[in-house]
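Worksheet for the structure shown next.
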Amino acid sequence: MHLRYNINMKQIDFEIHQHVRANISTQVHEQTRDMDKDEVVDLLVETIYKSVGEKEVSLYRKNALYAAKTEHIQLSLFDSDTLEPSDVEKDTIEFLKKKREACEITEQQCRETIAKVQAHRKKVNNQLANLKKLNTVKKNKPKKDCRNHEPDVVEVIQFDEDVHCPICGRTMSTLGYAEKTVIEYQPARYIIKKIKTEKKVCPAGCTDENGKAIILKAQPKEPDLIDKSIATPSLVAGLAYEKFMQGTPLYRLEKDATASGIDLSRQTMSNILQKCHEQYIAPVCGLINEDLAKQNVVHMDETPLQCLALKDRSTSYMACGVSGEYAQQQMVLYQFNESRKKEFITHMLGTDFTGALMTDGLQGYRSYQGCTKLSCLAHARRYFYDAVNCRDDYAQLKKVLNANKNTDDDLEKAQIFLKEHESLNRLIAVLNRIAELYQIENFFSDLPAELKAQARQELSKPLFEKLVLEVEIVADGFEEKTKAHKAATYFLERKEELAKYIESGIYPIDNNRAERKMKSFVIARKNFLFSNSVEGAESAAGYMTLLESAKMNRLKPFKYLEYVLNRMMYYKDKPIPRTVLEELVPYSKKLPEN
């Protein structure tokens, strides 16, 4: 319902919700009996502001105290004036201005980053009821619209004949076109293609030296992908895409083929995939492996994959290595390993890797020598979050934070509660300090690595030193075998590796880059569960390598894999030149655009 009245020559719109109407209806009827129209309007405005405005102010105050950064327990619990920029934000702006005065960054870079800081502050102060949880780091994702894509088909609707103006009768000219975008769906289908090769025989009945008739066969335009097989590049690419990118197991693909009238068993599909991996996919992955070992920064992660052919199937793992954010060659390499011993690192990176290795702190990684070790701050943070989340006093505090009344008394109770529970307060302080470090990373995410390195030295390094002191307090204040003490011990044992990212702008703060790529495999594994053979596991690693690397380089995975197979099948029976492999890796500059 909308009320519209003219007040001082300006039109004011008020949307009165049902609960507001219930609160003010009695007052309005009692006080408007002897009032004229203007007096009624003034009373309505005052009542609405009193009913709605006070609630928003209360929510705003709660936001100022509790809605900050990435935490459910907010930084503002330790800062009473969060409506103003935080110390991290002030230091960031001061750092940018100083770099601008020294002409180390452009005016545009300075202005854009300051705008990002200001946008962050505005977002914090306007989050009224949307409190974020401790275990989530929400990022703004750009809106995507299918209308912005290049169309596959353009349909033009025109007049069949000249159109005349209904007023003057003249022939009207074309002004332009009104456009709209629609999407049509065509179910995936199998196309059975029969290839007939002409054979010729001598009409005189000539025979060879063995007495057999001389028969000549026309040469095909392209070789077979696999001899005497139904496999084609598009079929293999489609099967690999469905299984490893869409998570569709082969038995469901078999059912789909049967529903389409095609007799294509899961065993045939598996054999085709493994044969093509052995002949065509593995050589390309081998070159990717070589290039990964030359990177300045590599992320690594691993996840279990049971292989039924192994006696101790519980120890087999799928590992992945990912190039750094600033690498010119963007790639991910998956490798199957029969155990989690440190040899699998050598298998992927060799013995001469001298770059920076970001991992989750597994002991096998720490024993690998010759490179710079980086440890994942997100893993360390997760241990502290688990220590907070299992506490009874934290559950009680959440009840206060989620109170429906949103009154100042509730906020005071929350602050008093934290003062009375010092151990919880200490854990939250650690989480908030980590959130500040991530905040700085967010501010400088779009700037060059050189500037990011300077920002880390001037802004992140002092914060990290404070974080170490706060973690030491936690380690001393909690009993051994508690989650809080284990979290502090984990952090302090790796504090040098955790702090190493501050030394360079190209070093990552966490291992989320590798974890995201490993998650793609985990999603696919939920459907096929295990591998029957070592060859099958290696085949899965090879296809995942090419398909996921294609995504990283903004290629269409299916089209890319089909193109690779179309090129590689010409080298079925002969050595593959290295120049060909260099042209086919996903980060090659010689790949066709489409």
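Residue numbering for the sequence shown is 1 to 594, as defined by UniProt numbering. Glycine included, each C-beta is placed from N, C-alpha and C at the ideal position.
- In the three-state DSSP reduction, D393 falls in the helix class (H, G or I).
- In chain order, C307, A309, L310, F336, E338 place their CB closer than 8 Å to the CB of V534, counting only its own chain and leaving out the 5 sequence neighbours on each side.
- CA-CA distance, L253 to P223, rounds to 26 Å.
- Here the C-alpha atom of Q363 lies approximately 15 Å from the C-alpha atom of T315.
- Taking 4 residues as the minimum length, the alpha helix (DSSP H) runs contained wholly in the region 428 to 482 are 449 to 455, 461 to 477, in order along the chain.
- Around the beta-carbon of K217, fewer than 16 other beta-carbon atoms lie within 10 Å, marking it exposed.
- Linking T207 to T197 through their CA atoms gives a straight-line distance of about 21 Å.
- For N442, there are no CB contacts under 7 Å within the same chain when 5 residues up- and downstream are skipped.
- Cβ-Cβ distances below 7 Å link K413 to V400 in the same chain, with the five nearest sequence neighbours on each side left out; the list follows chain order.
- Contact between the region 550 to 559 and the region 273 to 280 is not established, with fewer than three Cβ pairs separated by less than 8 Å.
- Taken through DSSP and simplified to helix, strand or coil, A293 comes out as coil.
- A buried status is given to H299, since no fewer than 16 other beta-carbon atoms sit within 10 Å of its beta-carbon.
- Using a C-beta cut-off of 8 Å, the region 442 to 451 makes no contact with the region 415 to 431, since fewer than three inter-stretch Cβ pairs fall below that distance.
- According to the DSSP secondary-structure assignment, G321 is paired through a beta bridge with M300, L333.
- M172: not part of any alpha helix (DSSP H); DSSP gives it neither H nor E.
- Per the DSSP secondary-structure output, C307 pairs in a beta bridge with S531.
- Counting other Cβ atoms within 10 Å of its Cβ, I428 reaches 16 or more and is therefore classed as buried.
- In the DSSP secondary-structure assignment, L216 is bridged to K200.
- No Cβ-Cβ contact shorter than 8 Å links L349 with S323.
- Here DSSP, grouped into helix, strand and coil, assigns L591 to coil.
- Annotated as distal: L250 and I272, with beta-carbon spacing of 8 Å or more.
- With respect to I434, A455 sits apart: the two C-beta atoms are not nearer than 8 Å.
- By the Cβ neighbour-count rule, I502 is buried, with 16 or more other Cβ atoms within 10 Å of its own.
- Around the Cβ of T92, a 10 Å sphere holds 16 or more other Cβ atoms; the residue is buried.
- Annotation for A356: the continuous beta strand (DSSP E) segment containing it runs 356 to 359.
- Rounded to the nearest whole angstrom, the C-alpha separation of A380 and T232 is 48 Å.
- Distances from the alpha-carbon of F95 to those of R513, L565, K452 put K452 closest.
- The C-beta distance from L581 to P283 rounds to 6 Å, short enough to fall under 8 Å.
- When DSSP states are grouped into helix, strand and coil, H149 belongs to the coil group.
- Just so you know, the alpha carbons of E150 and T181 end up roughly 10 Å apart.
- Distance between L492 and A119, taken at the CA atoms: about 34 Å.
- For Q219, the number of other beta carbons within 10 angstroms of its own is below 16, and it is reported as exposed.
- By the Cβ criterion, the region 325 to 336 is in contact with the region 506 to 523, since at least three pairs of Cβ atoms, one from each stretch, lie closer than 8 Å.
- Excluding residues up to 5 positions away in sequence, H421, L424 lie with their Cβ nearer than 6 Å to the Cβ of D393 in the same chain.
- In its chain, beyond the 5 residues on either side, V88, D91, T92, F95, I440 have a beta carbon closer than 8 Å to the beta carbon of L459.
- Between K486 and Y365 the beta-carbon gap is near 19 Å, outside 8 Å, which marks them as no contact.
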